[in-house]
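K.L.:
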């Protein structure tokens, strides 16, 4: 299959697209994390809070965007990107389960749904947002909103 990628200087850079995708994931995951800790389960540790969820999701978004930057011009870029994120998801779940058994009790019921939300959102939105043709300053809006949600639910 021929590569369909063509460089367009007017679209968002992949790292920026990944950060915005991470911010979108952060808003959803922080809200669900807050709901989980207020209704269903206890927070496993003081570091497991909405602000931490937001920061980790945005950092993972940057990593996802950087990965998309390297892969987007290759053959089967979307498939390789998806499988790479699936591998990252499995490795993260394994780390959560190991931490749940050794260091932080009851981490898995809290973290597994949030990890799934973040990785699925990054897998779909990073390639999609890298085709956006809007001013780059607009990307600050979801990032600031996700940070506001993280801080608001943290306090």
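Numbering (this note's numbering), first residue to last: 1 to 155.
Every residue gets a Cβ at the ideal spot worked out from N, C-alpha and C, and that includes glycine.
1) Determine the DSSP secondary structure at residue 36, reduced to helix, strand or coil.
2) Quick one: residues in its chain with C-beta nearer than 8 Å to the C-beta of residue 63, no 5 flanking neighbours on either side, listed in chain order?
3) Leaving out the 5 sequence neighbours to the left and right, which residues in its chain are closer than 7 Å to residue 11 when beta-carbon positions are compared?
4) Do three or more CB pairs link the stretch 135-144 to the stretch 67-84 at distances below 8 Å?
5) Enumerate, from N- to C-terminal direction, the unbroken alpha helix (DSSP H) stretches of 4 or more residues contained entirely within the stretch 99-152.
6) Taking Cβ positions, are residue 156 and residue 150 nearer each other than 7 Å?
7) Can you tell me whether DSSP reads residue 74 as helix, strand or coil?
8) Is the Cβ-Cβ distance between residue 114 and residue 33 less than 7 Å?
9) Given residue 15, which residues of its chain have a CB within under 8 Å of its CB, disregarding the five upstream and five downstream residues?
10) So, for residue 97: in the same chain, excluding its five sequence neighbours on each side, which residues have a beta-carbon less than 7 Å away from its beta-carbon?
11) Distance check for residue 55 and residue 9, CA to CA, integer angstroms please.
P.N.:
The short version:
1) helix
2) 18
3) 130, 131, 132, 133
4) no
5) 108-129
6) Residue 156 cannot be examined here, being either before or after the span of the chain that is shown, 1 to 155.
7) coil
8) yes
9) 62, 65, 66, 69
10) 108
11) 28 Å
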